[in-house]
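Peer 1:
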Amino acid sequence: MDEVSKNTNAFRAGLSVRRSVLGDPHVDRAEDAATDFDRPFQHLITEAAWGTVWARPGWSHRERSIVTLALLAALGHDEEVAMHVRATANTGASRDDICEAFLHVAIYAGVPAANRAFKIAKEVFSQMDGGKSAHA
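Residue numbers (the working numbering): 1 to 136.
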């Protein structure tokens with residue numbers, strides 16, 4: 001990706017939001033792992049998802065985090081569910097918020113999708129708590 005592409009307002013805003021939500025280590029790993037093949041995809045994520053949608057006014061990062069978790073869980077995107085559960089440490093979404101989102105998933109997208117999301121969240125909470133119980 002050329003330097004001009006990295007200098008769009010949406011890209012700069014997206015990089016800032018992406019770092020604040022996912023954390024510098026995650027974004028640094030993604031950027032370091034990017035190759036010529038997938039670098040355009042990383043740019044798209046940063047500019048469109050983070051710089052256009054997540055950077056919009058009106059909803060807080062907490063609100064976007066809750067909606068994102070519900071959508072990812074409903075669609076069965078397990079790796080992304082885990083990543084966004086970890087990100088709640090930066091967005092202000094609580095474990096109670098996550099539970100409520102997954103209960104909503106159970107009704108509107110199916111119990112199996114919510115069941116899997118709850119299992120993933122419990123695993124992530126255990127990791128975040130240093131291997132302790134994942135109770136809220």
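Even for Gly, the Cβ is constructed at its ideal location relative to N, Cα and C.
Count the other CB atoms within 10 Å of the CB of Gly-130; is the residue buried (16 or more) or exposed (fewer)?
Peer 2: Answer is exposed; the Cβ neighbour count stays below 16.
Peer 1: For Asn-7, name the three-state secondary structure that DSSP assigns.
Peer 2: Coil, per DSSP.
Peer 1: Any idea what DSSP makes of Ala-136, helix, strand or coil?
Peer 2: Low confidence applies to Ala-136: its pLDDT is 47, below 50, so where it sits in the model is not reliable enough to give any reading.
Peer 1: Starting from the Cα of Asn-9, find the closest Cα among Asn-115, Arg-18 and Glu-47 and give me that residue.
Peer 2: Among Asn-115, Arg-18 and Glu-47, the Cα nearest to that of Asn-9 belongs to Glu-47.
Peer 1: Which residue's Cα is closest to the Cα of Phe-102: Arg-19, Phe-118, Thr-91 and Ala-87?
Peer 2: Nearest of Arg-19, Phe-118, Thr-91 and Ala-87 to Phe-102, Cα basis: Phe-118.
Peer 1: As a quick exercise: from Ala-89, Tyr-108, Gly-14 and Thr-68, pick the residue whose alpha carbon is nearest that of Gln-42.
Peer 2: Cα-wise, what sits closest to Gln-42 is Gly-14.
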